[in-house]
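The opening position of the sequence shown corresponds to residue 1 in full-length UniProt numbering, with each subsequent residue numbered one higher. See structure below.
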Amino acid sequence: TTKDAFPLPRIDDIYDQLTTATYFTKFDFKAGYFQAPLDKSDRPKTAFSTRDGHFQFKVLPQGLTNGPPTFQRIVNQILGPN
């Protein structure tokens, strides 16, 4: 796996940005990873087996090396300045 060097935000930088904010909101990203689709060619890399069969993730599972940077990139594309 080649590590993705996309920078994750630092909490102190986020707090600094909040000092000038007027409005605040809250997002629940608990299931966010599970809404980012995986490319079909990457699905076999997430395969696992149980006694019930062989399975592959169709969406980004938690625990992958590049999961956090990939998810952060998606969030920035959706919520970031245009």
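We put the CB at the ideal spot given by N, CA and C, even for glycine. Model, not experiment: these values are computed from the prediction.
Item                                                                                                                                                              : Value
Would you report the Cα separation of residue 64 and residue 25, rounded to the nearest angstrom?                                                                 : 28 Å
Express the C-alpha separation of residue 9 and residue 74 in angstroms, rounding to a whole number.                                                              : 13 Å
Could you check where the beta strand (DSSP E) with residue 48 kicks off and where it finishes?                                                                   : 48-50
Pull up the distance between the alpha-carbon of residue 110 and that of residue 32, whole angstroms please.                                                      : An answer regarding residue 110 cannot be provided, because it is not within the stretch 1 to 82 covered by the chain.
Threshold first: 3 residues or longer. Then list the beta strand (DSSP E) segments lying entirely within the region 22-56, N to C.                                : 48-50, 53-55
Given a threshold of 16 other Cβ atoms within 10 Å of its Cβ, counted over all protein chains shown, does residue 60 qualify as buried or as exposed?             : buried
Going by beta carbon distance, what residues of the same chain come within less than 8 Å of residue 38, once the five residues before and after it are set aside? : 46, 57, 58, 59, 60
Can you tell me which of 62, 52, 7 puts its alpha carbon nearest to the alpha carbon of residue 35?                                                               : 62
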